[in-house]
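Asks: In the UniProt record's numbering, the protein residues as written are 1 to 88. Where a beta carbon is used, it is the ideal one built from N, C-alpha and C, also for glycine.
(1) For the alpha helix (DSSP H) that contains residue 65, what are its first and last residues?
(2) If you drop the 5 nearest sequence neighbours on each side, which residues of the same chain put their C-beta closer than 7 Å to that of residue 79?
(3) Tell me which same chain residues have a C-beta within less than 8 Å of the C-beta of residue 76, skipping the five on either side of it?
(4) Along the chain, where does the alpha helix (DSSP H) containing residue 75 start, and where does it finish?
(5) Whole angstroms is fine: what's the gap from residue 34's alpha carbon to residue 44's?
(6) To the nearest angstrom, how far is the alpha carbon of residue 50 from that of residue 70?
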């Protein structure tokens with residue numbers, strides 16, 4: 001007899017549902033961010049990386065503007081080089 005109240009049964013269903021959601025919609029940012037908890041799947045890792053990159057790029061733009069206002073050529077050159085992430 002299958003017990004639907006068994007915690008292991010519920011966990012397996014949740015895992016399968018999360019996996020199926022990820023497979024059907026590869027960019028399901030909103031779905032992953034609104035869940036109470038999520039496993040770190042490839043989709044979640046991509047979203048985390050995307051958000052981190054957007055944050056760094058915004059911060060870089062602010063720092064470049066500040067360097068231009070302060071006429072700080074060294075800081076400007078650091079932020080516009082290939083290794084700009086190291087400068088932040």
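Replies: This is what the structure gives:
(1) Note, residue 65: alpha helix (DSSP H), 42 to 69.
(2) Sequence-distant partners of residue 79 (beyond 5 residues in either direction) whose C-beta falls short of 7 Å from its own C-beta, in its chain, are 60, 63, 64, 67, 87.
(3) So the list reads 64, 67, 68, once near-sequence residues are dropped.
(4) Per DSSP, residue 75 belongs to the alpha helix (DSSP H) from 73 to 79.
(5) Residue 34 and residue 44 have their C-alpha atoms some 12 Å from each other.
(6) So the alpha carbons of these two residues sit roughly 30 Å apart.
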